[in-house]
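Participant:
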Amino acid sequence: NYRATSADLPLKKAMMKASGKINGSLYEAAVKSGVPASLLGEIIEAYSYDVDFQRDIQPGDKFQVLFERYFTEDGKPVRDGNIIYASLAIQGEKLNIYRYETKDKRSDYYDEKGVSIRKPLLKTPIDGARLTSGFGMRTHPIMGYSKMHRGVDFGASTGTPIYAAGDGTVMFAGRKGGYGNYLLIGHNNEYATAYAHISRFAPGIRNGKSVSQRQVIAYVGSTGASTGPHLHYEVLRHGKQVNPVGVKFPVGKTLKGSELLAFKKQATTLESVFASEKLPSQVAELSKNVIQ
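The sequence shown begins at 37 in the working numbering and counts up by one.
So, in structure tokens, the structure goes:
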């Protein structure tokens, strides 16, 4: 006879660090440096409000990551926690983000000035795609003459998930001429986003449905006037298509007063922790009073 029992093992948290240079993709460089693949999505999501990973990242750019890892008492790694601090040096510009828990117990990422990195719309509503056509005049690939392209195209394989660029409500989901399967989401009284040539809608996506930022809403396809699978993405302001690259959105939540002072103190400590030459287990001791 056998009897199963459960036992809670005490775990120790350590701060692990990784850094490297990007020669191909951020994914390859980060995994090679020791960043767990399971945490890469968190990094990409955190930076996706300000960084277009299809266009902004260049060979030679650098990154730094400080993250949590839990160990058993005998030193066996069990699981990874959160990204605590990250830095991307893109074409000479350094973008730092810090995980911080406010007094009301809400954790989020903030930049060096204590401003939340979250913005109303993502720069890129799809992962792992390549930019195939920008906003502006171009020779139409099917009609053969110059025509204004009022969106941006991302080439990706059929079935690649498409995310809602921001919180909003589905205003239209159906067939629309040369757009093929077309989805329009209203985000507020000023902005809306459109997604075209999609193969199919995600379950539950219909007119009047509320969606949240980064929710899967559809999948890449080649419906309508299309020469191959891709996402045609538009940002509309007061009903008129505008260049997504040039859209400037209001900043997110800003820390103030004593909260801002506490944040800046923690941010300085995190940078010192990363710069430390000590072993990861010793680094955890250095930071235990800062990160709970």
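Ideal Cβ positions, reconstructed from N, Cα and C, are used throughout, including at glycine. As the structure is a computational prediction, the values presented were derived from the model and not from experiment.
Count Cβ pairs between the region 73-86 and the region 109-128 that sit closer than 8 Å; are there 3 or more?
Facilitator: Contact between the region 73-86 and the region 109-128 is present, because at least three Cβ pairs lie under 8 Å.
Participant: Would you kindly report the start and end of the unbroken beta strand (DSSP E) that includes E226?
Facilitator: Here E226 belongs to no beta strand (DSSP E), and DSSP marks it neither H nor E.
Participant: For the region 243-312, which segments carrying the beta strand (DSSP E) assignment without a break, of at least 3 residues, lie completely within its bounds, in sequence order?
Facilitator: For the region 243-312, whole beta strand (DSSP E) runs of length 3 or above, ordered along the chain, are 252-255, 266-273, 276-278.
Participant: Tell me the DSSP bridge mates of I234?
Facilitator: The partner list for I234 (beta bridge, DSSP) reads N217.
Participant: Assuming contact is defined by CB atoms lying nearer than 7 Å, are A209 and I234 in contact in what I supplied?
Facilitator: Cβ distance not < 7 Å, so A209 and I234 don't count as in contact.
Participant: Quick check on T175: does DSSP put it in helix, strand or coil?
Facilitator: Because T175 carries a pLDDT of 49, less than 50, the predicted location of this residue cannot be relied on, and no value is offered for it.
Participant: Does the region 143-150 come into contact with the region 286-296, if we say contact requires no fewer than three beta-carbon pairs (one atom in each stretch) closer than 8 Å?
Facilitator: With a cut-off of 8 Å, the region 286-296 and the region 143-150 count as touching, because enough Cβ pairs lie within range.
Participant: Tell me, please, whether the region 213-225 touches the region 189-196 by the rule of three or more beta-carbon pairs shorter than 8 Å.
Facilitator: Contact fails: fewer than three Cβ-Cβ distances are below 8 Å.
Participant: Cα-Cα, which of L296, G128, R250, G204 is closest to P95?
Facilitator: P95 has its Cα closest to that of G128, out of L296, G128, R250, G204.
Participant: Between the alpha carbons of Y106 and V114, how many angstroms are there, rounded?
Facilitator: So the alpha carbons of these two residues sit roughly 6 Å apart.
Participant: To which residues does DSSP link K112 through a beta bridge?
Facilitator: The partner list for K112 (beta bridge, DSSP) is empty, contrary to what the question assumes.
Participant: Run the CB neighbour count on T108, radius 10 Å, all protein chains shown included, and call it buried at 16 or more, exposed below.
Facilitator: The residue in question, T108, is exposed, as its Cβ has fewer than 16 Cβ neighbours within 10 Å.
Participant: If you count every other CB in all the chains shown that lies within 10 Å of the CB of D163, and 16 or more means buried, which is it?
Facilitator: With 16 or more other Cβ atoms within 10 Å, it is buried.
Participant: Can you tell me the Cβ-Cβ gap for V188 and Y227, rounded? I've got them flagged as a contact below 8 Å.
Facilitator: No, V188 and Y227 are not in contact; Cβ-Cβ is about 16 Å, not under 8 Å.
Participant: Going by DSSP in three states, L62 sits in which element: helix, strand or coil?
Facilitator: In this structure, L62 counts as helix in the three-state DSSP scheme.
Participant: Using DSSP bridges, identify the partner residues of T138.
Facilitator: T138 pairs with nothing; no bridge assigned.
Participant: Give me the Cα-Cα distance between K245 and M207, rounded to the nearest whole angstrom.
Facilitator: Their backbone Cα atoms lie some 8 Å apart in a straight line.
Participant: Return the residue from the list R135, S312, L75, V283 that minimises the CA-CA distance to A303.
Facilitator: It is R135 whose Cα lies nearest to the Cα of A303.
Participant: Could you tell me the alpha carbon to alpha carbon distance between A54 and V101, rounded to whole angstroms?
Facilitator: A54 and V101: Cα-Cα distance of roughly 5 Å.
Participant: Would you mind reading off the limits of the alpha helix (DSSP H) that contains Y350?
Facilitator: Outside the modelled stretch of the chain, which goes from 37 to 328, sits residue 350, for which no answer is possible.
Participant: Sort out for me which residues DSSP pairs D144 with in a bridge.
Facilitator: Y136.
Participant: Following the continuous beta strand (DSSP E) through S374, name the residue where it begins and the one where it ends.
Facilitator: Residue 374 lies beyond the residue range present for the chain, which begins at 37 and ends at 328; the question has no answer from this structure.
Participant: Between the C-alpha atoms of I133 and Y231, what's the straight-line distance to the nearest angstrom?
Facilitator: Distance between the alpha carbons of I133 and Y231 is about 30 Å.
Participant: Between the C-alpha atoms of S262 and N279, what's the straight-line distance to the nearest angstrom?
Facilitator: In a straight line, the C-alpha of S262 is about 21 Å away from that of N279.
Participant: In three-state DSSP terms, what is K98?
Facilitator: Here K98 sits in strand by DSSP.
Participant: Only counting the same chain, and skipping five residues up and downstream in sequence, which positions put a Cβ closer than 6 Å to that of R250?
Facilitator: Hits under 6 Å: Y199.
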